[in-house]
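The structure under discussion appears below in the form of structure tokens.
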Amino acid sequence: MPNYQAITKNDFAHLRWKRFDSYRFAAQDAVAPLVAQELARACMSLPIAFIRQNEAFIPAVLQGFKPGQNLLVAPDGRWIGPYTPAAYRGYPFALAQAADDQLVLCVDTDSGLVGENEQEAFFEDTGEPAKPLKDVLSFLRQVRNNRELTPGMCAALEAHGLIVPWPLKIKTESGEQAIQGLYRIDEEALNALDRDAFDALRQTGALPLIYCQLLSMQHIQTLGKLAEAHAKVTSAPASLDTLFGEDGDTLKFDFH
């Protein structure tokens, strides 16, 4: 389990951190939440679904067909998808809300990325946060601010009856198995909207979310092929890369 601790000058001035070089921390995530600003990139290579979180719908990238399975993480920890969700790029850092509603930057001290001899300082000798730490904070704030906009878009889609169950099935040794808990855009209901309803959705900013989700559904086949490759590959994970036409994103604190 992660052990997130608030980063304070008293506790972290003598410590340092390094950027992660393995995605094993995400290897059991069958889905990853997305925010509106990254949908255009994600939909070009990965399937996007809606999932329920705290009684509300949010968009998420589908990474596996069963709990505990992330097909986009190779056995050696590499990310093999063309796009890396923003939810992972800030690791091992996270924002937490303090009792006074202020946002506090935290770090997972059990990540193996924090110690006295790592490459990046948390604080300068002056006591100011170091620039790499400021960059992390800026990125996480961008993600959080964008995430606060996304549920409203999904709520508008739900209010207009556009989110419906996605009846996905996969083949297993015991036969076909339905995947529960995934939702998609109802294209027929979308086409039946009157002008007022369509304009109302446009004003919420939800139209790109609609089109990105619909466009992304074609990538289910690629994920299925990746599942087959994972089943065959044990000691030669490099062959998994051939299912995608480009290398995965390098670690960077932005949406582009």
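Residue 0 is where the sequence shown starts when you use numbering that gives the first Met the number 0, and the numbers rise one by one after that. Ideal Cβ placement from N, Cα and C applies to all residues, glycine included.
When you compare only the Cα positions, how much space is there between residue 267 and residue 152? There is no way to answer for residue 267, as the model of the chain reaches only from 0 to 255.
Drop a sphere of 10 angstroms on the beta-carbon of residue 66, count the other beta-carbons inside from all chains shown, and report buried for 16 or more, exposed for fewer. Locating residue 66 in the sequence shown gives position 67, where the first residue counts as 1. It counts as exposed.
Would you call the region 126–140 and the region 81–90 in contact, with 3 or more CB pairs under 8 Å? yes
Excluding the five sequence neighbours on either side, which residues of its own chain have a C-beta within less than 7 Å of the C-beta of residue 123, listed in chain order? Looking up residue 123 in the sequence shown gives position 124. Here the set comprises 129.
Distance check for residue 189 and residue 234, CA to CA, integer angstroms please. Here the question's residue 234 lines up with position 235 in the sequence shown. Here the question's residue 189 lines up with position 190 in the sequence shown. At residue 234 the pLDDT is 44, less than 50, meaning the model places this residue with poor confidence and gives no usable figure here.
Can you check DSSP and say which residues form a bridge with residue 10? The count along the sequence shown starts at 1 and reaches residue 10 at position 11. Paired residues: none, contrary to the question.
Nearest-angstrom Cα separation, counted from residue 48 out to residue 121: For this step, residue 121 is matched to residue 122 along the sequence shown. For this step, residue 48 is matched to residue 49 along the sequence shown. For residue 121 and residue 48, the distance between alpha carbons rounds to 37 Å.
Tell me residue 183's beta-bridge partners as DSSP assigns them. Against the sequence shown, residue 183 aligns to sequence position 184. In DSSP, residue 183 forms a bridge with 163.
Option in 110, 69, 178 and 167 with minimal Cα separation from residue 84: Here residue 84 refers to the residue found at position 85 when the sequence shown is read from its first residue. Of the listed residues, the one whose Cα sits closest to residue 84 is 69.
What number of angstroms, rounded off, separates the C-alpha of residue 221 from the C-alpha of residue 228? Here residue 221 corresponds to residue number 222 of the sequence shown, with the count starting at 1. Here residue 228 corresponds to residue number 229 of the sequence shown, with the count starting at 1. Linking residue 221 to residue 228 through their CA atoms gives a straight-line distance of about 10 Å.
Which residue spans inside the region 78–133 form an unbroken alpha helix (DSSP H) run of at least 4? 85–88
Grab me the residues of residue 185's own chain with a C-beta within less than 6 Å of its C-beta, minus the 5 sequence neighbours each way, in chain order. Translated into positions along the sequence shown, residue 185 becomes position 186. Closer than 6 Å at Cβ, skipping near neighbours: 161 and 163.
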